[in-house]
Amino acid sequence: MKRNEILGRMGLRLPMRRQLRLIVSSDVKNEADDQFAVLHQLMTPIFDVRGVVAAHFESKAPGTYTTMEKSYQELLILMEAAGMEDVPMLRGCLGPLESEADAPASEGVNFIIQEALREDPRPLYVTVQGALTDVAAAINRCPEIAGRMTVVWIGGGAYPQGGKEFNLIQDLYAARVVFGSEVNLWQIPLNAYGTVEVTMAELAWKVRPCGAPGRYLYDEIEAYNLSEADPYPLRKGENWNLGDSPVVAALLQCDWRGNFHPGRAPYIQDDFTYREDPEGKLIRIYDSIDVRFLLEDFFSKLALCYGRDPVPGTMDIQGGCAR
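Residue numbers for the sequence shown follow the numbering used here, so the first one is 30 and each next one is one higher.
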């Protein structure tokens with residue numbers, strides 16, 4: 030089906046003059062929460078999703094250059110579950126930049142450049158849930174695009190000190206390129222995105238019953254949660270962090286909420302800490318995320334787009350929903 034057909038199931042009447050153009054970049058096979066963020070963006074009518082770029086996560090398999098392809102194949106599986114046939118899926122760079130001047134080509138890099146140069150009165154946003162490699166490569170190949178888009182990045186340590194953070198360590202050179210370029214940057218660091226926490230019970234109740242995509246999302250989280258390979262001590266067995274999804278909240282919420290502040294882009298040092306740069310450009314730094322606003326929007330759109338099967342042991346009420 031076409032994306033608009035699925036979105037039409039929600040029955041929403043929205044001012045489409047407010048629509049914005051969106052390119053999504055995601056290391057979607059890295060864990061099991063990127064899929065939630067990608068689907069959330071695809072279920073948001075005010076986003077004209079121009080394409081989704083598969084990103085690498087080479088720090089988990091250094092030197093193999095296989096992780097981007099894993100992300101790409103995962104995107105195809107997710108799109109099949111979602112039933113959306115008309116959204117372009119693109120391969121990104123195989124690995125991190127080799128220097129701050131590196132400018133590798135990829136389908137994703139070329140697509141970012143083409144979309145940024147295209148004449149369209151609607152603003153262009155590139156949401157990055159992973160390494161900044163493809164955005165940085167696009168800027169290095171065509172610097173003029175920096176003034177024609179806004180990058181919304183999940184990544185970086187908390188201010189003021191910074192420090193090791195997964196998306197940042199994927200490509201330090203790329204982060205330096207983006208922070209040092211003229212591109213408009215909204216940064217959602219670890220202390221903000223880390224608050225988007227859910228439990229397995231919540232996902233079983235609100236996600237698993239919602240058609241093929243709901244079942245797929247839940248099964249992926251469950252499988253990863255049961256994996257002995259999961260090294261993260263922050264997970265206690267019943268919790269999960271949907272830390273890539275705040276890009277949606279940043280683009281949907283009112284800008285008067287005051288949950289972000291302007292700051293000078295720091296220089297990111299070799300140990301991933303921040304060094305103040307009084308000459309750095311002004312960027313938007315998020316201090317917090319409205320978790321209720323974000324998660325309820327996702328749960329509602331998922332149920333409206335794909336329905337909700339009765340949950341075993343509960344009453345089946347009108348519309349096939351269970352309470």
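Just so you know, even glycine gets a beta-carbon here, dropped at the ideal spot from N, CA and C.
Around the C-beta of D299, are 16 or more other C-beta atoms found within 10 angstroms, so that it is buried, or is it exposed?
-> exposed
Please state if the CB of P125 and the CB of E87 are separated by a distance shorter than 8 Å.
-> yes
Neighbourhood of G80 by C-beta distance below 6 Å, restricted to the same chain and skipping five residues each side | I52, P117, L119 and F140
Inspect the beta-carbon positions of A132 and R177 and report whether they are closer than 8 Å.
-> With respect to R177, A132 sits apart: the two C-beta atoms are not nearer than 8 Å.
Run through DSSP, which three-state label would A111 get?
-> Helix at A111.
Burial state of P295, where buried means 16 or more other Cβ atoms lie within 10 Å = Answer is buried; the Cβ neighbour count reaches 16.
Assign R286 to one of two classes, buried (16 or more other C-beta atoms within 10 Å of its C-beta) or exposed (fewer than that).
-> exposed
Selected residue, minimal CA-CA separation from A204, among A83, I183 and G223 | I183
Using the beta-carbon count (16 or more within 10 Å), is D149 buried or exposed?
-> exposed
Cβ shell of S256 (< 7 Å), same chain only, five flanking positions each side left out = none
Inter-residue Cα distance where the pair is S128 and M108 = 34 Å
Taking Cβ to Cβ, would you say T224 is nearer than 8 Å to S317?
-> Yes; because the gap between Cβ atoms is below 8 Å, this pair is in contact.
Between which two residues does the alpha helix (DSSP H) carrying L126 extend?
-> Careful: L126 lies outside any alpha helix (DSSP H) and carries neither H nor E.
Spatial distance of N213 from A175 (CA atoms) = 7 Å
Three-state secondary structure (DSSP) of A145 | helix
Among G159, I35 and D284, which residue has its Cα nearest to the Cα of E60?
-> G159
Residues near P172 in its chain [Cβ-Cβ closer than 6 Å; skip 5 each side] | Contacts found: none.
Give the straight-line distance between the Cα atoms of A130 and N169, rounded to the nearest whole angstrom.
-> 7 Å
How about the stretch 33-49 and the stretch 60-69: do they share at least three Cβ pairs that are nearer than 8 Å?
-> no
Can you tell which of A166, L219 and R46 has the C-alpha that lies nearest to the C-alpha of R151?
-> R46
Measuring alpha carbon to alpha carbon, tell me which of L161, A90 and T93 ends up nearest G121.
-> L161
Nearest-angstrom Cα distance between E226 and L271?
-> 6 Å
Among K99, G309, P91 and V78, nearest to E114 - alpha-carbon criterion | V78
From which residue to which residue does the alpha helix (DSSP H) around W234 run?
-> M229 to K235
Can you tell me whether DSSP reads I217 as helix, strand or coil?
-> Looking at I217 - three-state DSSP - the assignment turns out to be strand.
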